[in-house]
Structures are given as structure tokens and as C-alpha cells.
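Participant: For the sequence shown, counting from 1, position 55 maps to 55 in my numbering; every step adds exactly one.
Ideal Cβ positions, reconstructed from N, Cα and C, are used throughout, including at glycine.
Fair warning: this is a prediction, and the values are worked out from it, not measured in the lab.
Have a look at this one.
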Amino acid sequence: MKERIPFLNRGPLVSVIRLKGAIGTGSRTQLNDEALAPVIEKAFRRGKPKAVALLINSPGGSPVQSSLIAARIRRLAEEQEIPVHAFVEDVAASGGYWLASAADDIWIDEASIVGSIGVISAGFGAHVLLSRQGVERRVHTSGKSKSFLDPFLPEKPQDVERLKSILEQMHGVFETQVTSRRGDKLSGDAELFTGEFWLGRRAVDLGLADGIGHVVPKMKEMYGDKVRFAQYGRKRGLFQRFGMTLAQDAVSTIEERAAYARFGL
1 MKERIPFLNR GPLVSVIRLK GAIGTGSRTQ LNDEALAPVI EKAFRRGKPK
51 AVALLINSPG GSPVQSSLIA ARIRRLAEEQ EIPVHAFVED VAASGGYWLA
101 SAADDIWIDE ASIVGSIGVI SAGFGAHVLL SRQGVERRVH TSGKSKSFLD
151 PFLPEKPQDV ERLKSILEQM HGVFETQVTS RRGDKLSGDA ELFTGEFWLG
201 RRAVDLGLAD GIGHVVPKMK EMYGDKVRFA QYGRKRGLFQ RFGMTLAQDA
251 VSTIEERAAY ARFGL
């Protein structure tokens, strides 16, 4: 009888969440907690999934948004008692690896780029250009630190020291996230938390990933050949679907391409 009623004979369900792009706060950034919250919630709650698979392709971005997204995934995984598996495509670097660390295990391709566990701050200095053009910068503040790292003023040594201190603290938060999630799987290599990144097999040797594997065959191996997949991801807006992007979209695209370019992608 069971074989004759299709809906009583369906295999286990795996929800697949695609996490692709740079991580940031902008409304057009592909990955941020506000945009992904309903996607992640549905993936964990709809259809009683046996597991959740994360398809990750991200060069990183905002550490806070990375933390918020990863924390949401962990909270739902524990509440619903659902295992989470991460599958890295081209790259899971910096914040992208932070997202991967939210999973119970991490699977990568032979050519995947993994790591870059560090924090970076970049800017520019335009005070020389302004002075050459005869432009005088005037800044008035009520606090000595309100003009911190003003790009139109000469760089101050005390500002640089303060920035380095902040970056070190943030780096410590990132390191704690990785060590708390990967634990004894990590090799203890001195290069792990220097911002270095590695390809497939080497990343596995270092304990940053559990092995080489792709989502469909690995999920079939774990949950059987009858496993079913439900795809979840952030939907593109009307303008994006028809190619009618604004200037902000162009800037976001350039920034994202620059982030991928760091890894030769």
C-alpha cells in the first residue's frame, strides 16, 4: 500500500541554502542577516528537513553580518535539532569561512579556496592631492577622536595604533568562532590565523575542512539515494531580474569583484 501512495514513500528532505557573494550591510549586498533571515528560517522549518546544506561561495565582508548569519544558523540548528553541512564552491574566505564554520562539517572541492582568517581595514589618503589643488580641509570637533582616520587629513600615529588595537580584538573574535566550532579538528599550524588561505587538500590537512565532497553525492551518501532537495536563496529584485541596475548596483558589483580578485577569481 505504501508503495502505491507517492507522498507516503518520499525520501528524506535536505534544505539547501545558497550563500553567494560579498557579506555586508547594503540593501543590494547579496549576503546580510536582514535579507537572509526569512530564507534561513524557511529552510529550517518548512517540510521537516532531515538536514540543511549550505552552498557557500563568498570572499567575505562584514564581520558583524557574518557573525549574525552564522549565529542564526546555529540557533535554528539547535532549536530544530537539525544537522548542518557546508559545501564550499569557489571560495569561503574570511567572512565566507565564518559562515562555513556554522556547519557541523565542511566539504570542499579540490580547487576551493579556504581560509583567510583575519581582519582587514583599507582606506585612502587625499590630503596631499587637496593641498596641491589649493583646497584647505577644515574640521571642528567636540572630542579629540571624532576625526579618527579622516582621509582628508594627514594620518596620525595614535589613530593607526588605535585601529590596530580594534582589528586585533576583532581578529580574536573571529579566531574564537573558528576554534569553538572546529575544535580538535584544527591542526594547530601556526599559519592558521594569519590571514593565509589554501586550496582543497591542504585546507583539509589543516582541519579547516572535513574532506573533498559535493552536495548531491555527499548527501546521498549520508541520507540515502532517495534524498530530496529543496532550494532556498535570496530572490533578486524586479530591477535586477531585468538588468535595470542603478549606480549603487554598479559600485557594489565592482567592490564584490575586487574582493573575489584577491583570490584570483
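1) Straight-line CA distance for Ser-62 to Thr-25?
2) Cβ of Ser-101 within 7 Å of Cβ of Gln-177?
3) Grab me the residues of Leu-13's own chain with a C-beta within less than 8 Å of its C-beta, minus the 5 sequence neighbours each way, in chain order.
4) Taking the alpha carbon of Tyr-223 as the point to measure from, which residue in Thr-194, Val-52, Gly-60 has its own alpha carbon closest?
5) Measuring only the C-alpha atoms, how far is Glu-175 from Gly-95?
6) Starting from the C-beta of Ile-17, find all residues in its chain whose C-beta is less than 6 Å away, skip the five residues before and the five after it, and write them out in chain order.
7) Using CA coordinates, which residue listed in Gly-21, Pro-59, Arg-72 is at the minimum distance from Pro-38?
8) Got a sec? Which residues, its chain only, sit under 6 Å from Leu-68 by beta carbon, not counting five neighbours each side?
9) Work out the CA separation of Gln-80 and Ile-166 for me, nearest whole Å.
10) In three-state DSSP terms, what is Gln-30?
11) Would Ile-117 and Phe-193 qualify as a contact pair, given that the criterion is a beta-carbon distance under 7 Å?
12) Using only CA atoms, which one of Leu-99, Glu-41, Gly-115 lies nearest to Arg-201?
13) At the level of alpha carbons, what is the spacing between Val-91 and Arg-10?
14) How would you label Gly-213, buried or exposed, when you count the other beta carbons within 10 angstroms and need 16 or more for buried?
15) For the beta strand (DSSP E) holding Arg-18, just list the boundary residues, first then last.
16) Taking Gly-195 as the reference, which of Trp-98, His-85, Asp-205, Met-219 has the closest Cα?
17) Report the rounded CA-to-CA distance for Glu-89 versus Met-219, giving the unit in angstroms.
Facilitator: Reading from the atomic positions:
1) Taking the sequence shown and counting its residues from 1, the one referred to as residue 62 is at position 62. Taking the sequence shown and counting its residues from 1, the one referred to as residue 25 is at position 25. If I take the Cα positions, the gap works out to 7 Å.
2) In the sequence shown, counting from the first residue as 1, residue 101 sits at position 101. In the sequence shown, counting from the first residue as 1, residue 177 sits at position 177. Cβ atoms of Ser-101 and Gln-177: closer than 7 Å.
3) Taking the sequence shown and counting its residues from 1, one reaches residue 13 at position 13. If we look at Leu-13 and ignore the five residues flanking it on each side, its Cβ neighbours are Gly-47, Lys-48, Pro-49, Lys-50, Val-227, Arg-228, Phe-229, Ala-230.
4) Working through the sequence shown from its first residue, we reach residue 223 at position 223. Comparing Cα-Cα distances from Tyr-223 to each of Thr-194, Val-52, Gly-60, the minimum goes to Val-52.
5) The count along the sequence shown starts at 1 and reaches residue 175 at position 175. The count along the sequence shown starts at 1 and reaches residue 95 at position 95. Cα to Cα, Glu-175 sits roughly 12 Å from Gly-95.
6) Numbered from its first residue, the sequence shown carries residue 17 at position 17. Closer than 6 Å at the Cβ level, and outside the excluded window around Ile-17, lie Ala-43, Leu-54, Tyr-232.
7) Here residue 38 is taken as the residue at index 38 of the sequence shown, counted from 1. Answer by Cα proximity: Arg-72.
8) Counted from its first residue, the sequence shown places residue 68 at position 68. Cβ within range, chain order: Asp-33.
9) Walking along the sequence shown from the start, residue 166 turns up at place 166. Walking along the sequence shown from the start, residue 80 turns up at place 80. Rounded to the nearest angstrom, the two C-alpha atoms are 36 Å apart.
10) Position 30 of the sequence shown, counting from 1, holds the residue named residue 30. The answer is coil: DSSP assigns Gln-30 none of H, G, I, E or B.
11) As a position in the sequence shown, residue 117 is number 117, starting the count at 1. As a position in the sequence shown, residue 193 is number 193, starting the count at 1. Cβ distance < 7 Å, so Ile-117 and Phe-193 count as in contact.
12) As a first step, residue 201 is located in the sequence shown; it is residue number 201 there, counting from the start. Cα-wise, what sits closest to Arg-201 is Gly-115.
13) Looking up residue 91 in the sequence shown gives position 91. Looking up residue 10 in the sequence shown gives position 10. Roughly 33 Å between the two C-alpha positions.
14) Numbered from its first residue, the sequence shown carries residue 213 at position 213. By the neighbour-count rule (16 or more Cβ atoms within 10 Å), Gly-213 is buried.
15) Indexing the sequence shown from 1 puts residue 18 at position 18. Note, Arg-18: beta strand (DSSP E), 13-20.
16) Numbered from its first residue, the sequence shown carries residue 195 at position 195. Checked all of Trp-98, His-85, Asp-205, Met-219; the closest Cα to Gly-195 is Trp-98.
17) Within the sequence shown, the letter at position 89 stands for residue 89. Within the sequence shown, the letter at position 219 stands for residue 219. Each residue's alpha carbon lies about 16 Å from the other.
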